[in-house]
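Engineer:
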DNA sequence: TTTCGTTATTCCCATCTGTATATTACGACT
DNA sequence: AGTCGTAATATACAGATGGGAATAACGAAA
């Protein structure tokens, strides 16, 4: 291939992918959910975490609720009312989940990079 | 874990994922597209291929068109009119694409299975 | 008991994806 | 020339997804 210049029409392909943990109700942990957990840890509040991700509170709350429903020990504990109106904090299980997912995520990206090089189409 | 019986609330997690090839316009090849290519090869027609997958002809045609737009040598050649009204056939490049994807797909599933076992949450 | 900010929950709406449907273009064969 | 079945294309519709706004519940602190 390759004329003197100009993009070949089949240039620039790259391997992409997603991984997630699935539970009884469907997705349990994925990239977005883990980032959300981290923001909750950082801000101590679902609403602040959501805002920082440009995500609606409604959506964030549903994700948290979905995760908590699928485990015996919740990943996030919430409190309504009280000082500051309430808040949310990450549990031990939440911390473990974050760690476990990033480990998986790194392994997966490694796989993607390695595999990407060995692909030939035309 | 495990009480005498009954499902633990954190049972049954499994790793899932998707991989695809991305080109200039977004997705170029993924699982569904490859199955579609195989059906086109089998039936010699986009409409029959679509029907066999419970997919609308419109959608199938758009997928084929999207794939063809992103390469110099089309994966599918179509003919309008003529014997039987026309049809579609897989090109050499189409065959290669199928092969390449399944190879990738197998490697990915291997990764998933291997990785799934090494994950601990709680 | 009043205040306050967050969680919890409910509606309505915009957007997106794909379906269903209808119409036209096409060209080898009879 | 007429027939036939598929490709090609446009339009209207349905369902799912998430956003935004509105409201109620909550409980510690003043």
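Residue numbers (our numbering), protein chains in the order written: chain A, 17 to 138; chain B, 17 to 138.
Every residue gets a Cβ at the ideal spot worked out from N, C-alpha and C, and that includes glycine.
It should be emphasised that the depicted structure is a prediction, and the values quoted were computed from it without experimental measurement.
Work out the CA separation of residue 79 of chain A and residue 98 of chain B for me, nearest whole Å.
Structural biologist: Start at 1 with the first residue of the second chain, and residue 98 of chain B comes out as number 82. Start at 1 with the first residue of the first chain, and residue 79 of chain A comes out as number 63. If I take the Cα positions, the gap works out to 54 Å.
Engineer: Helix, strand or coil for residue 34 of chain A, going by three-state DSSP, please let me know.
Structural biologist: Locating residue 34 of chain A in the first chain gives position 18, where the first residue counts as 1. Residue 34 of chain A falls in the strand class under three-state DSSP.
Engineer: The region 109-122 of chain B: which residues have C-beta closer than 7 Å to a C-beta of chain A, in chain order?
Structural biologist: 109, 112, 113, 116 and 120
Engineer: Straight-line CA distance for residue 65 of chain A to residue 59 of chain A?
Structural biologist: As a working note, residue 65 of chain A is residue 49 in the first chain. As a working note, residue 59 of chain A is residue 43 in the first chain. Roughly 6 Å between the two C-alpha positions.
Engineer: Could one say the Cβ of residue 107 of chain B lies closer than 7 Å to chain A's Cβ atoms, at least one of them?
Structural biologist: As a working note, residue 107 of chain B is residue 91 in the second chain. False, the Cβ-Cβ gap to chain A never drops below 7 Å.
Engineer: Counting only the same chain and skipping the five closest in sequence on each side, list residues whose C-beta sits under 8 Å from that of residue 63 of chain A.
Structural biologist: Walking along the first chain from the start, residue 63 of chain A turns up at place 47. Excluding residues within five positions, the ones whose Cβ falls inside 8 Å are 73 and 76.
Engineer: By Cβ distance below 7 Å, which residues in the same chain neighbour residue 49 of chain B in space, the five residues on each side in sequence not counted?
Structural biologist: On the second chain, position 33 is the one that residue 49 of chain B refers to. Taken in chain order, the residues that qualify are 79 and 83.
Engineer: Could you pull the start and end residues of the alpha helix (DSSP H) that residue 85 of chain B belongs to?
Structural biologist: By 1-based counting over the second chain, the position of residue 85 of chain B is 69. Run containing residue 85 of chain B: 73-85, per the alpha helix (DSSP H) assignment.
Engineer: Just to check my reading of the structure: residue 91 of chain B and residue 104 of chain B have Cβ atoms closer than 8 Å, yes? What is that Cβ distance to the nearest angstrom?
Structural biologist: Here residue 91 of chain B corresponds to residue number 75 of the second chain, with the count starting at 1. Here residue 104 of chain B corresponds to residue number 88 of the second chain, with the count starting at 1. Contact doesn't hold; Cβ gap of about 10 Å is too wide.
Engineer: Here's the rule: buried if 16 or more other CB atoms are within 10 angstroms of the residue's CB, otherwise exposed. What is residue 113 of chain A?
Structural biologist: For the purposes of this step, residue 113 of chain A is identified with residue 97 of the first chain, where counting begins at 1. It counts as buried.
Engineer: So which residues of chain B does residue 37 of chain A contact, with C-beta pairs closer than 7 Å?
Structural biologist: As a first step, residue 37 of chain A must be located in the first chain, where it is residue number 21. Per Cβ cutoff of 7 Å: 29 and 31.
Engineer: Could one say the Cβ of residue 59 of chain A lies closer than 7 Å to chain B's Cβ atoms, at least one of them?
Structural biologist: Taking the first residue of the first chain as 1, we reach residue 59 of chain A at position 43. No, no contact with chain B.
Engineer: For residue 120 of chain A, which residues in the same chain have their Cβ closer than 7 Å to its Cβ, ignoring the five residues on either side in sequence?
Structural biologist: Residue 120 of chain A sits at position 104 when you count from the first residue of the first chain. Result list for residue 120 of chain A: 35, in chain order.
Engineer: Please classify residue 46 of chain A as buried or exposed, where buried requires at least 16 neighbouring CB atoms within 10 angstroms.
Structural biologist: Translated into positions along the first chain, residue 46 of chain A becomes position 30. Buried: at least 16 other Cβ atoms inside 10 Å.
Engineer: Using DSSP with H/G/I as helix, E/B as strand and the rest coil, what is residue 115 of chain B?
Structural biologist: To locate residue 115 of chain B, count along the second chain from 1; it is residue 99. Residue state, collapsed to three classes: helix.
Engineer: Please check if any C-beta of chain B sits within less than 7 Å of the C-beta of residue 131 of chain A.
Structural biologist: Residue 131 of chain A sits at position 115 when you count from the first residue of the first chain. Residue 131 of chain A counts as touching chain B.
Engineer: Cα separation between residue 132 of chain A and residue 53 of chain B?
Structural biologist: Locating residue 132 of chain A in the first chain gives position 116, counting from the first residue. Locating residue 53 of chain B in the second chain gives position 37, counting from the first residue. Residue 132 of chain A and residue 53 of chain B: Cα-Cα distance of roughly 22 Å.
Engineer: Helix or strand or just coil, what does DSSP make of residue 41 of chain A?
Structural biologist: Within the first chain, the letter at position 25 stands for residue 41 of chain A. Residue 41 of chain A: coil per DSSP, three-state reduction.
Engineer: Going by alpha carbons, who is nearest to residue 38 of chain A out of B:44, B:29 and B:128?
Structural biologist: Residue mapping note: residue 38 of chain A aligns to position 22 of the first chain, counting from 1. With distances taken between Cα atoms, residue 38 of chain A lies closest to B:29.
Engineer: Distance, Cα to Cα, residue 116 of chain B vs residue 137 of chain A?
Structural biologist: By 1-based counting over the second chain, the position of residue 116 of chain B is 100. By 1-based counting over the first chain, the position of residue 137 of chain A is 121. Taking the straight line from one Cα to the other gives about 6 Å.
Engineer: For residue 94 of chain B, collect the residues of the same chain with a Cβ closer than 6 Å to its Cβ; drop the 5 residues on either side in sequence, then sort them by chain order.
Structural biologist: Start at 1 with the first residue of the second chain, and residue 94 of chain B comes out as number 78. Answer for residue 94 of chain B: 104, listed in chain order.
Engineer: With the cut-off set at 7 Å, would you say residue 106 of chain B and residue 33 of chain B are in Cβ contact?
Structural biologist: Against the second chain, residue 106 of chain B aligns to sequence position 90. Against the second chain, residue 33 of chain B aligns to sequence position 17. Not a contact, by the Cβ cut-off of 7 Å.
Engineer: Could you work out which residues of chain A lie near residue 34 of chain B, taking near to mean beta carbons separated by less than 7 Å?
Structural biologist: The count along the second chain starts at 1 and reaches residue 34 of chain B at position 18. Those within 7 Å of residue 34 of chain B in chain A are 33 and 34.
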